[in-house]
Ligand SMILES: NC(=O)c1ccc[n+]([C@@H]2O[C@H](COP(=O)([O-])OP(=O)(O)OC[C@H]3O[C@@H](n4cnc5c(N)ncnc54)[C@H](O)[C@@H]3O)[C@@H](O)[C@H]2O)c1
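In our numbering, the protein residues as written are 2 to 356.
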């Protein structure tokens, strides 16, 4: 592997944010190509961001030599076929959330990754915030103690402008609503901190916009380690904010309230005693988690390839997120709790799209 990975960014909405992150990491990545059917976006990237090659067709991009990583930021219904094609062409694939619209598709992508020499990394950039990285460091040191409860709040606002983009708000193309497209980040963050879920009870509703997918949700979770948590999500909040609160035996933790960067600073830690506080201060002294968000995740991906290790976010992590979504829809539709893990015999294993 050459030191700098040659990356192609596919889909130029949030993909422009990916381009910016790769440019921040110019010692690790070289952006060699972009791809979008909208020619003006491709021209913009070539003219103003010095990207050497631009394509309006994904097949043409894949036929181009000299690409190590295909970074996919297209509408959700295109993720599975594009990831599969990228892996089959021998390129590493990095893909925006949601990776897929069913557990069957995630499992198929996992098999595809196993059969190839290339790696697949789903994007969950909230994990790479400097605030949550400090909590992760404390967890690695065993300082928080037993987890008791947690709450995750996703209070966002989306209106008719947002839903004027044709792929949004429809199951066929967006694959779901607030649980699939928006709160999935903070829900993944919670699971990365508290561990696997064993039971889900959920209610979802469409109350804010005139759309097919849900825009409000209230969920309770039991984790395998006995911790309990709640998730509340809406796209109708007047004030936008995201927040995680976690209560451990030795520590109370509260994230910042930035709606789209709750993993970033400030995170507040309140220790049960001065002795614990002293050990926290010692553990965090001089700790520098490095770059954060997209740049943090892409830098960690580069490091994992260099070390021959698993990507920092794996297809297994995406499976856990899609498993939670599957359980939320099933619980909400049946009125019953759902036990995890969910296997191929579950009625929603092949997807949750109604009808
Ligand atoms: N991680 C995050 O915080 C975050 C934020 C926003 C969006 N997203 C995700 O990123 C993805 C894209 O969302 P967006 O808001 O940028 O959407 P968007 O509609 O603004 O942009 C998508 C782009 O993909 C292009 N595209 C469509 N078909 C294509 C094809 N066949 N080949 C190449 N490009 C194609 C479109 O022309 C468009 O420019 C979605 O999965 C969304 O959920 C993630």
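Even for Gly, the Cβ is constructed at its ideal location relative to N, Cα and C.
- Going by C-alpha positions, residue 105 is about 16 Å away from residue 77.
- Setting aside the 5 residues that flank it on each side, residue 159 is surrounded in the same chain by 236, each with a C-beta closer than 6 Å to its C-beta; the list follows chain order.
- For residue 96, the Cβ stays outside the 6 Å cut-off from all heavy atoms of ligand 1.
- Under the three-state reduction of DSSP output, residue 244 falls in the strand class.
- A residue is called buried when at least 16 other Cβ atoms come within 10 angstroms of its Cβ; residue 321 meets this threshold and is buried.
- At a cut-off of 6 Å, the beta-carbon of residue 174 does not count as near ligand 1: no heavy atom of the ligand is closer than that.
- For residue 142, there is no enclosing alpha helix (DSSP H), as DSSP marks it with neither H nor E.
- Per DSSP, residue 236 is not a residue of any alpha helix (DSSP H), being assigned neither H nor E.
- Classified as exposed, residue 345 has fewer than 16 neighbouring CB atoms from the shown chains inside 10 Å of its CB.
- Counting along the chain, residue 164 sits inside no alpha helix (DSSP H), nor does DSSP assign it H or E at all.
- Contact holds between the stretch 31–39 and the stretch 55–62, because three or more Cβ pairs, one in each stretch, are under 8 Å apart.
- Pairing residue 247 with residue 135 gives a Cβ-Cβ distance that is not under 7 Å.
- With 16 or more other Cβ atoms inside 10 Å of its own Cβ, residue 243 counts as buried.
- Distance from the CA of residue 253 to the CA of residue 153, rounded to the nearest whole angstrom, comes to 14 Å.
- Straight-line measurement puts the Cα of residue 150 at about 38 Å from the Cα of residue 82.
- Between the stretch 120–131 and the stretch 274–283, the count of Cβ pairs shorter than 8 Å is below three; the stretches do not touch.
- Sixteen is the threshold: when 16 or more other Cβ atoms of the shown chains lie within 10 Å of the Cβ of residue 263, as they do, the residue is buried.
- Distances between the C-beta of residue 36 and the heavy atoms of ligand 1 include at least one below 6 Å.
- Counting C-beta pairs closer than 8 Å gives three or more between the stretch 169–185 and the stretch 198–218, which meets the contact rule.
- Judged by their CB atoms, residue 181 and residue 15 are not nearer to each other than the 7 Å cut-off.
- Residue 161 and residue 210 have their C-alpha atoms roughly 7 Å apart.
- Shown here, residue 74 sits in coil according to DSSP, grouped into three states, outside any helix or strand.
- Within the same chain, Cβ atoms closer than 8 Å to the Cβ of residue 230 are found at 150, 151, 152, 153, 191, 195, 221, 222, 224, the five residues on either side in sequence being excluded.
- Annotated three-state conformation of residue 23 is helix, per DSSP.
- The beta carbon of residue 88 sits closer than 7 Å to those of 94, 113, 114, 117, 119, 121, all from its chain and outside the five residues before and after it, given in chain order.
- By the beta-carbon neighbour count (other beta carbons within 10 angstroms, threshold 16), residue 129 is buried.
- Per DSSP, reduced to three states, the secondary structure at residue 95 is strand.
- When only Cα atoms are considered, residue 25 and residue 296 end up about 7 Å apart.
- With a cutoff of 6 Å, residue 129 does not count as near ligand 1, since its C-beta is closer than that to no heavy atom of the ligand.
- Judged by DSSP secondary structure, residue 6 falls within the beta strand (DSSP E) whose first and last residues are 6–11.
- In terms of Cα proximity to residue 330, the closest of 304, 265, 350, 52 is 350.
- Look at residue 127 here: in three-state DSSP terms it is helix.
- DSSP places residue 281 in the uninterrupted alpha helix (DSSP H) bounded by 275–285.
- Rounded to the nearest angstrom, the Cβ distance from residue 7 to residue 69 is 5 Å, consistent with a contact under 8 Å.
- For residue 221, the enclosing beta strand (DSSP E) stretches over residues 217–224.
- Taking the Cα of residue 46 as reference, the smallest distance to any Cα among 66, 12, 75, 30 is reached at 12.
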